[in-house]
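>
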Amino acid sequence: MANDFKLVSFKTCPWVQRAAIALREKNIDYDIEYIDRNNRPDWFLAISPHSKVPVLRVCGNESLFESCAIAEYLDEVAEPQLHPQDLIAKAKNRAWTDFLPGFANAISRVAYSDNEEALKENAKVLPKGFEKLEGALEKRGNDGPYFNGPDYSLVDCGYAPFLQRYTFVDNLYPLGVIEQYPLLTKWREAMMARESTHSSTVANFEIEWQQNLIARGRWLGSLVKNAAAAE
Ligand SMILES: N[C@@H](CCC(=O)N[C@@H](CS)C(=O)NCC(=O)O)C(=O)O
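Here the numbering used here is used: the first residue of the sequence shown is 35, the next is one more, and so on.
(1) So, for Ala263: in the same chain, excluding its five sequence neighbours on each side, which residues have a beta-carbon less than 6 Å away from its beta-carbon?
(2) Pair every Cβ in the stretch 245 to 262 with every Cβ in the stretch 71 to 78, then say whether three or more of these pairs are closer than 8 Å.
(3) Measuring only between beta-carbons, confirm whether Ala80 sits less than 9 Å from chain B.
(4) Flag Glu110 as yes when its Cβ comes closer than 8 Å to any non-hydrogen atom of ligand 1, and as no otherwise.
(5) Within this structure, are the beta carbons of Ala112 and Lys60 separated by less than 9 Å?
(6) Comparing alpha-carbon positions, which option in Met226, Asn73, Leu171 and Glu67 lies nearest Val89?
(7) Taking the beta carbon of Ser147 as the centre, do at least 16 other beta carbons fall within 10 Å, making it buried, or is it exposed?
(8) Check whether the Cβ of Arg222 sits closer than 8 Å to any heavy atom of ligand 1, and report yes or no.
(9) Whether or not the stretch 123 to 139 and the stretch 188 to 206 are in contact is what I'm after, with contact meaning three or more pairs of Cβ atoms, one per stretch, closer than 8 Å; do they touch?
(10) Between the stretch 90 to 100 and the stretch 156 to 165, are three or more C-beta pairs nearer than 8 Å?
(11) For Pro48, count neighbouring C-beta atoms within 10 Å of its own C-beta (all shown protein chains included) and say buried if the count is 16 or more, exposed if not.
(12) For Pro118, verify whether its CB is less than 8 Å away from any heavy atom of ligand 3.
(13) I need the straight-line Cα distance from Trp221 to Asn182, nearest angstrom please.
(14) Output needed for His117: all residues of its chain with C-beta closer than 6 Å, excluding positions within five of it in sequence on either side, in chain order.
(15) Note down the Cα distance separating Glu100 from Ala53, rounded to an integer number of angstroms.
(16) In the DSSP assignment, find the unbroken beta strand (DSSP E) run with Ser97 in it and report its ends.
(17) Hey, Leu160 and Val144: beta-carbon distance below 9 Å or not?
(18) Measure from the alpha carbon of Gln198 to the alpha carbon of each residue in Lys173, Ser142 and Asn73, then state which is nearest.
(19) Tell whether a beta-carbon distance below 9 Å holds between Gln244 and Leu206.
(20) Is the CB-CB distance between Gln51 and Thr235 below 9 Å?
(21) Take Lys64 and list the residues in its own chain whose beta-carbon comes closer than 7 Å to its own, dropping the five residues that flank it on each side.
(22) Quick one: residues in its chain with C-beta nearer than 8 Å to the C-beta of Asn266, no 5 flanking neighbours on either side, listed in chain order?
(23) For ligand 1, any of its heavy atoms closer than 8 Å to the Cβ of Val87?
(24) Does Phe164 come out as helix, strand or coil in the three-state DSSP assignment?
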C-alpha cells in the first residue's frame, strides 16, 4: 500500500533532503519518486509552481512545495516536535533558518566552481557566514551538539544537507576553513554523525554527489578518483 506522503525529488537535491530528514526524524514512512532534472514530466510541472523539487504529495491529492514550508508543516502534524517550545527560541530558530539560503549558496558556488582559481575565489566568501553561525552557537550557552543544544531541531534539518556537502567538498579539496570555527566544526560533526543525514538520501550518496559534479562538468569532479572512467 502506498504511504500517505510522497516526495518528488532529483537524486542529489539538498532541499529535498531537508524535507526527507524531517520525515526521518519523525519516523514517518514515505515514498520518493525521482524525476529527471532535464526532462521534468508534465504532471510534476502541474503541481510545482516554480518547477522545483521538493514537492511533498500529501494523502494523494495535495501538493506542498518549498522545503521550509514542508518542514514546518511536518512539525505541526507529527511528533516529536522539532521546533523549541519557547516562543522566543522558536523565533530565533526561524531567523537562523532564514539565513540558510545564503549559506547554502556560498557552499554550492564552491562545489560548482569552473576551475581551481574560481574555487579559491568562491571559498573566500565562506568565512562571512561561518563567523555568523559561530557567533550564534556561542550565544547558545551550552555544549550542543545540535544548533540549540541537546535537542535536534528544524534548524539542524535545514543545515545538515549543506554541512554534509561542505564535508564532501573538503574530502576532495581540503579547504581549511571550517576548522577555524570550533563550534561550527562540532556542529558539522554532529550532523555527519546523525542517522537521518544519511538515511534521507540514496545509498552511497557521496559517490552519487560526485557523479553529479562530473555529469555537470564541474572542476571538482575532475578530482574524483577514476573520474575519467566514470564519464
Ligand atoms: N527554495 C526552494 C529551493 C528548491 C530548489 O532550488 N530545488 C532545486 C533542486 S536542488 C530545483 O528544483 N531546481 C530546478 C530549477 O531551478 O529549475 C526550497 O527550499 O524548496
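For glycine and all other residues, C-beta sits at the position ideal for the given N, C-alpha and C.
None of these values were measured; they are calculated from a predicted model.
Concretely, from the data shown:
(1) Within the sequence shown, numbered from 1, the residue matching residue 263 stands at position 229. Low per-residue confidence applies at Ala263: pLDDT is 48, beneath 50, and the placement is therefore not dependable enough to give any value.
(2) Contact between the stretch 245 to 262 and the stretch 71 to 78 is absent, because fewer than three Cβ pairs lie under 8 Å.
(3) Looking for chain B here will not work: only one protein chain is present.
(4) Numbered from 1 along the sequence shown, position 76 holds the residue referred to as residue 110. Taking the Cβ of Glu110 as the reference point, every heavy atom of ligand 1 lies at 8 Å or farther away.
(5) Along the sequence shown, read from residue 1 onward, the residue named residue 112 stands at position 78. Along the sequence shown, read from residue 1 onward, the residue named residue 60 stands at position 26. Contact annotation: Ala112 and Lys60 have beta-carbon atoms nearer than 9 Å.
(6) Translated into the one-based positions of the sequence shown, residue 89 becomes position 55. Here the closest residue by C-alpha is Glu67.
(7) The residue given as residue 147 occupies position 113 in the sequence shown. The residue in question, Ser147, is buried, as its Cβ has 16 or more Cβ neighbours within 10 Å.
(8) On the sequence shown, position 188 is the one that residue 222 refers to. Arg222 Cβ: outside cutoff for every heavy atom of ligand 1.
(9) With a cut-off of 8 Å, the stretch 123 to 139 and the stretch 188 to 206 count as touching, because enough Cβ pairs lie within range.
(10) Note that the stretch 90 to 100 does not touch the stretch 156 to 165; fewer than 3 beta-carbon pairs, one per stretch, sit closer than 8 Å.
(11) Within the sequence shown, residue 48 is the residue found at index 14, counting from 1. By the 16-neighbour rule on beta-carbons within 10 angstroms, Pro48 is buried.
(12) Looking for ligand 3 in the displayed structure turns up nothing; the ligands present are ligand 1.
(13) By 1-based counting over the sequence shown, the position of residue 221 is 187. By 1-based counting over the sequence shown, the position of residue 182 is 148. If I take the Cα positions, the gap works out to 10 Å.
(14) By one-based count along the sequence shown, residue 117 stands at place 83. Closer than 6 Å at the Cβ level, and outside the excluded window around His117, lie Asp109, Lys124 and Leu188.
(15) On the sequence shown, residue 100 is found 66 positions in, with the first residue counted as 1. On the sequence shown, residue 53 is found 19 positions in, with the first residue counted as 1. Taking the Cα positions, Glu100 is about 9 Å away from Ala53.
(16) Taking the first residue of the sequence shown as 1, we reach residue 97 at position 63. Element bounds for Ser97: Glu96 to Phe99.
(17) For the purposes of this step, residue 160 is taken as the residue at position 126 of the sequence shown. For the purposes of this step, residue 144 is taken as the residue at position 110 of the sequence shown. Going by C-beta atoms, Leu160 is nearer than 9 Å to Val144.
(18) To locate residue 198, count along the sequence shown from 1; it is residue 164. Nearest C-alpha to Gln198: Ser142.
(19) Counting from 1 along the sequence shown, the entry for residue 244 is found at position 210. Counting from 1 along the sequence shown, the entry for residue 206 is found at position 172. Against a cut-off of 9 Å, the Cβ pair of Leu206 and Gln244 comes out as a contact.
(20) In the sequence shown, counting from the first residue as 1, residue 51 sits at position 17. In the sequence shown, counting from the first residue as 1, residue 235 sits at position 201. Against a cut-off of 9 Å, the Cβ pair of Thr235 and Gln51 comes out as a contact.
(21) Taking the sequence shown and counting its residues from 1, one reaches residue 64 at position 30. What sits at residue 64 in the sequence shown is Tyr, not Lys. Hits under 7 Å: Asn37, Phe39, Lys40, Leu41 and Leu57.
(22) No statement about residue 266 is possible, as the shown extent of the chain runs from 35 to 265 and does not include it.
(23) As a working mapping, residue 87 is identified with position 53 in the sequence shown. Within the cutoff, so yes.
(24) Position 130 of the sequence shown, counted from the first residue, corresponds to residue 164. Three-state DSSP puts Phe164 in a helix.
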